[in-house]
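Data first, discussion second: the structure below is written as structure tokens.
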Amino acid sequence: MYAVVSTGGKQLKVEKGTEAVVEKLDAAVGDTVVLDVLFVADGDSIVTGADAESASVTVQVVEHFKGEKLIVFKFKKRKGYKRTKGHRQNLTKILVTDIATSGGAKKAAPKKAEKPKAAAPKAEKPKAEKPKAEKPKAEKPKAEAPKKAEKPKAAKAVAEVSADCCAATKADGTPCANKPKEGSKYCGVHAKKIEG
36 MYAVVSTGGK QLKVEKGTEA VVEKLDAAVG DTVVLDVLFV ADGDSIVTGA DAESASVTVQ
96 VVEHFKGEKL IVFKFKKRKG YKRTKGHRQN LTKILVTDIA TSGGAKKAAP KKAEKPKAAA
156 PKAEKPKAEK PKAEKPKAEK PKAEAPKKAE KPKAAKAVAE VSADCCAATK ADGTPCANKP
216 KEGSKYCGVH AKKIEG
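Sequential numbering from 36 applies to the sequence shown in the numbering used here.
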């Protein structure tokens, strides 16, 4: 009899009494852990899919350790970029103590608990949408009021500055606000362009 289990994002074929090395499990040395079963084969009988959820593989944690050092080298050509790092993965050595084709009542309970959790956020969504719709309405009048107030201020500034200003106008049609040079009605910038 053997089973295929899933742990640490990987699949592993195990038999009763075999030792295996997997990604680190959150359990102390000597504790027993039940792994997710994907497939069980016992002679001619095969258990897969939804039936495999009722099966269980019990393992005992033998040891926690770090794997061999791996060198991670990053390089970009013609950029002078080189980075070397080392990595040692945390691993767990396990011993398979039992493979059972039934007894997955514990796994059925969490699935029922997940369904009500999904229903609770659906009820909250309409409540959250109403305040969002009100906020943009309040922002639009605020944005329009400062624009109207700025235009009259700019017009007053042009009228006040025009008495002691350069007689030239800029490309966008606004009058130049610089002071004119002595003996000329244009500022230093425009006097060179207009008077020569």
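For each residue, glycine too, the CB sits at the ideal point set by N, CA and C. What you are looking at is a predicted structure, and each value in this text was computed from that prediction instead of being measured.
A buried status is given to Leu47, since no fewer than 16 other beta-carbon atoms sit within 10 Å of its beta-carbon.
By the neighbour-count criterion, in which 16 or more other beta carbons inside 10 Å mark a residue as buried, Thr42 falls on the buried side.
Take the alpha-carbon of Phe100 and the one of Lys59: they are about 8 Å apart. Ser80 and Asp86 have their C-alpha atoms some 12 Å from each other.
At least 8 Å separates the beta-carbon of Lys104 from that of Arg118. Residue environment: Ser91 is assigned as buried (16 or more neighbouring CB atoms within 10 Å of its CB, all protein chains considered). The DSSP assignment places 54-58, 67-77, 80-83, 91-101, 105-111, 116-122 as complete runs of the beta strand (DSSP E) inside the stretch 54-126, in order along the chain (cut-off: 3 residues). The three-state secondary structure of Lys205, taken from DSSP, is coil. For Lys51, same chain residues with a beta-carbon under 6 Å away, outside a window of 5 residues either side, are Val131, Ile134 in chain order.
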